[in-house]
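Report on the following structure.
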Amino acid sequence: MAHPSQLGFQDAASPVMEELLHFHDHALMIVFLISTLVLYIIVAMVSTKLTNKYILDSQEIEIIWTILPAVILILIALPSLRILYLMDEINDPHLTIKAMGHQWYWSYEYTDYEDLGFDSYMIPTQDLAPGQFRLLEADHRMVVPIESPVRVLVSAEDVLHSWAVPALGVKMDAVPGRLNQTAFITSRPGVFYGQCSEICGANHSFMPIVVEAVPLEHFENWSSMMLEDA
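Start counting the sequence shown at 10; every next residue gets the next number (our numbering).
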């Protein structure tokens, strides 16, 4: 998760987020090279004492500054389009979960099970246990098995919300009357935090998302326990 004074992204916990991190580094390197070139040209023009009064135009320079930006845009667009299609790809999910946004909490329904669902509220600050995070902990976590494709159906009961978990590279709008879907695969066990990312009212900041990724055996034990308590 994020920590104070952090400059980069959170550690990736899904293949899509790993691709996003690589694309970020790729784009940042291009920006760095362009900035260095522009700075060099500015310094060279300011510091030189030479002038040329006779060159009014240059075909070579015009060709270069027309073709070079096009090449740079292609270098950015191609990997970006690849990730865009990768994020929308949903192939044979092993688990489907319906996430419904409310003012101001989330409810989850495991549609592959007959009666497995719960509401997830933020734990108030005064009720936090030692080691828990303020404004990020929920009383019920969304538990998923690691290394398994998970599809999340996202909607809302009242106003616009947005279901987002940065470490998984997932963000999907929750729109009343509309069912959106996204998918992810957790590449390692852990607890991953997110929050509603669409301003939805007075308590917008108090509806966290907590995804806990566990081995398949632990997930089966958890689901059996939840079904027994239902």
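Glycine is no exception: its CB is placed at the ideal position from the N, C-alpha and C atoms.
If you drop the 5 nearest sequence neighbours on each side, which residues of the same chain put their C-beta closer than 6 Å to that of residue i?
i	result
Leu188	Leu162, Ser164
Ile132	Glu146, Asp148
I'd like the list of long-range same chain contacts for residue i, defined as Cβ closer than 7 Å, with 5 residues on each side in sequence excluded.
i	result
His170	Gly110, Ala183, Cys205, Glu207, Cys209
Leu137	Arg143, Glu146
Val179	Ala173, Thr191, Phe193
Look up residue i in the DSSP assignment and give the residues it is bridged to.
i	result
Trp172	Met181, Cys205
His111	Tyr114
Val80	Val80 is not bridged to any residue.
Arg160	Thr105, Ala192
Asp238	Note: Asp238 sits in no beta bridge, so no partner.
Ala222	Val153, Gly199
Glu217	The identity of residue 217 in the sequence shown is Pro, whereas the question assumes Glu. BP columns for Pro217 point to Gln204.
Measure the Cβ-Cβ separation of residue i and residue j and say whether it is below 8 Å.
i	j	result
Tyr114	Gly126	no
Ala176	Phe201	yes
Ala22	Pro102	no
Ser232	Tyr122	yes
Phe32	Ile76	no
Phe18	Leu30	yes
Among the candidates the options, whose CA atom is the shortest distance from the CA of residue i?
i	options	result
Glu28	Met131, Val168, Met181, Ile194	Ile194
Pro154	Pro133, Pro139, Phe228	Phe228
Asp34	Thr75, Ile85, Leu48, Tyr122	Ile85
Ile218	Tyr49, Pro13, Ala173	Ala173
Ser157	Asp238, Pro198, Ile43, His12	Pro198
Thr105	Met151, Gln68, Met54, Pro13	Met151
Gln112	Ala211, Glu237, His12	Ala211
His149	Val168, Met26, Ser129	Ser129
Ser196	Val25, Met38, Gln19	Val25
Trp74	Ile43, Asn230, Phe32, Gln19	Ile43
Lys107	Gln135, Ile70, Glu166	Glu166
Under 7 Å from any heavy atom of the ligand COA, does the C-beta of residue i make it?
i	result
Leu104	This structure simply doesn't include the ligand COA, nor any ligand for that matter.
Starting from the C-beta of residue i, find all residues in its chain whose C-beta is less than 8 Å away, skip the five residues before and the five after it, and write them out in chain order.
i	result
Gln190	Ile99, Arg160, Val161, Leu162, Val163, Met181
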